[in-house]
Amino acid sequence: SWQNNLSIRSLSTTILSNSLNKPLLKTVLCPPVLCRTVTKFSLRSGKRKSVKTVLKRFYRLNWGIWIRTIAGRHKHLWRKSKDRRIRSKQHVFINSTQSWMLDRMVTKFWKRQKYYIDDPYTPYHTREEFLFTQRKCRTLIKQ
């Protein structure tokens, strides 16, 4: 009978020690959700606010398209070919859906035309060859 009592006692201590070692709440490993939504009404001024990450990562040309750099352009350069390294230094356009989304994420201040001294993007701010973005009136030449 004392052996039975001893085995029950040892069994209860192992169950108790196992339950004490376990955390009370299960930790769920899920990545943190980043929230980049637009603030429509700020608490201080009551105005719409721009999303700062959009302004850091993208640049808007005067004719409405947004450009960005290629991801990973500084990483593992020893592994990339020469042509790929040259391509990674260039900027790329984003598509129209993303451009429309970014236009909604910034205020009208960032959509206005800006004039910077020695702007490297000056030749890209106009797009005269396309009908919808041309500023100057084209004269039709009859042959």
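The opening residue of the sequence shown carries number -3 in the numbering used here; numbering runs sequentially from there. Where a beta carbon is used, it is the ideal one built from N, C-alpha and C, also for glycine. None of the values given here were measured: they were computed from a predicted structure.
Can you round the beta-carbon distance between residue i and residue j to whole angstroms, since I take them to be within the 8 Å contact cut?
i, j, result
"S46", "M101", "7 Å"
"R64", "H87", "7 Å"
Distance check for residue j and residue i, CA to CA, integer angstroms please.
i, j, result
"H70", "K76", "10 Å"
"V50", "W74", "30 Å"
"D115", "H72", "30 Å"
"G80", "A67", "For the record, residue 80 in the displayed sequence is Arg; it is not Gly. The straight-line gap from Cα to Cα measures roughly 12 Å."
"S95", "R56", "9 Å"
"G60", "R131", "13 Å"
"R44", "K104", "10 Å"
"N58", "S84", "23 Å"
"L127", "R134", "9 Å"
"I82", "R108", "31 Å"
"T129", "R123", "6 Å"
"S41", "D99", "21 Å"
"W106", "E125", "24 Å"
"S38", "K78", "47 Å"
"Y117", "K36", "30 Å"
Starting from residue i, trace the alpha helix (DSSP H) both ways and give me its first and last residue.
i, result
"I66", "That residue, I66, is in no alpha helix (DSSP H); it is neither H nor E in DSSP."
"L51", "K48 to R53"
Would you mind working out which of the options sits nearest residue i, comparing C-alpha positions?
i, options, result
"F89", "C133, V34 and H121", "H121"
"W62", "N91, F37 and E124", "N91"
"K48", "V34, I113 and T93", "V34"
**Message:** Going residue by residue through the stretch 77 to 108, where are the continuous beta strand (DSSP E) segments of at least 3 residues, counting only ones entirely within it?
**Reply:** Listed in chain order, they are 87 to 89.
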